[in-house]
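Student: Pasting a structure below so you can have a look.
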Ligand SMILES: [Zn+2]
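Residue numbers (my numbering): 1 to 322.
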């Protein structure tokens with residue numbers, strides 16, 4: 001782990017021993033028996049507690065002004081009050097009074113990890129990045145887009161000007177792509193194997209996404225994608241990110257590309273996803289780019305396999321930085 005000395009314009013870090021990981025039991029709103037395994041965040045927290053050199057810290061929720069940089073007042077109000085109900089539940093969670101505080105906390109975790117990474121070189125939040133959330137509605141279990149909320153908050157405070165998102169969740173990051181379009185200081189890459197809208201194991205991911213442009217790129221992983229193919233495509237994508245010279249990288253280390261995930265057409269196992277994480281961290285370390293990562297999706301029937309993938313990301317971090 002490293003401590004940032006970028007205040008002097010330097011891009012070097014001095015070694016510190018602790019990785020700070022943001023977790024709060026209040027992340028989980030009551031959503032009943034849902035395909036989203038919301039208990040996984042607590043299980044990953046249990047795994048992180050066992051890791052040497054990691055400490056769990058509770059974040060504070062984001063403020064309404066943090067939300068308003070990214071989301072419309074009508075949508076924020078719907079999530080807070082439950083009305084209109086269709087908008088409040090557009091992410092496909094049942095609304096409850098606990099929803100709004102929980103999603104303010106998850107975005108708070110994302111922001112806290114981003115801020116910590118700027119200081120230490122790396123940090124993580126045990127939340128999803130919520131990459132399907134758009135400005136005026138939620139989608140795909142994503143209420144507020146914590147990635148973009150964090151990026152905009154850091155820009156507003158002057159802590160970081162250029163933030164990059166590397167999204168390696170299985171699903172195409174449509175919300176982040178849409179939000180990037182009006183944010184020239186946000187650079188977003190989505191490397192995906194499921195084009196999300198139908199959430200079926202495979203649809204045609206060969207089409208170029210219309211959001212692709214100056215500050216958004218997408219790369220489709222082919223059906224049956226193995227480690228070599230994934231790393232080749234990742235290596236193809238990373239130079240554009242390096243060339244953009246971000247102050248901070250937000251990494252969505254999704255567990256749903258896993259071969260046993262019900263939505264995944266890919267052939268990637270635990271070791272392959274560990275290799276993915278190592279490649280991302282090695283890339284960032286070589287360029288002194290601070291990294292904050294989040295868990296994103298993971299729906300395999302055996303939830304402990306999902307937890308093992310997320311724990312593998314922490315092991316990859318330690319392997320690269322220790
Ligand atoms: Zn996903």
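Glycine included, every Cβ here is placed at the ideal spot set by N, Cα and C.
#1: What residue range does the beta strand (DSSP E) around residue 189 cover?
#2: Taking 8 Å as the threshold (C-beta atoms), are residue 182 and residue 149 in contact?
#3: Mind listing, in chain order, the continuous alpha helix (DSSP H) runs of no fewer than 4 residues lying wholly within the segment 53-82?
#4: Nearest to residue 111 by alpha carbon, out of 101, 124 and 92?
#5: With DSSP as the reference, label residue 408 as helix, strand or coil.
#6: Heavy atom of ligand 1 less than 7 Å from the Cβ of residue 214, yes or no?
#7: Helix, strand or coil: which one does DSSP assign to residue 43?
#8: Under 8 Å between the Cβ atoms of residue 250 and residue 276?
#9: Between residue 252 and residue 83, what straight-line distance do the alpha-carbon atoms span, to the nearest angstrom?
#10: Three-state secondary structure (DSSP) at residue 122?
#11: State buried or exposed for residue 19, treating a residue as buried only when at least 16 other CB atoms are found within 10 Å of its CB.
#12: Have a look at 144, 57 and 38 and flag the residue whose alpha-carbon is nearest the alpha-carbon of residue 87.
#13: Tell me, please, which residues DSSP counts as bridged to residue 89.
#14: Residue 132: which of 186, 157, 196 and 155 sits nearest, CA to CA?
Tutor: Working from what's here:
#1: Per DSSP, residue 189 belongs to the beta strand (DSSP E) from 186-192.
#2: In this structure, residue 182 does not lie closer than 8 Å to residue 149 by Cβ.
#3: 64-68 and 73-81
#4: 124
#5: Because the chain in this structure spans residues 1 to 322, residue 408 falls outside the shown range and cannot be described.
#6: no
#7: Residue 43 carries a helical assignment under DSSP once its states are collapsed to helix, strand and coil.
#8: The answer is no: Cβ separation not under 8 Å.
#9: Answer to the nearest angstrom: the Cα atoms are 31 Å apart.
#10: Strand.
#11: Residue 19 should be labelled buried.
#12: 144
#13: Residue 89 pairs with nothing; no bridge assigned.
#14: 196
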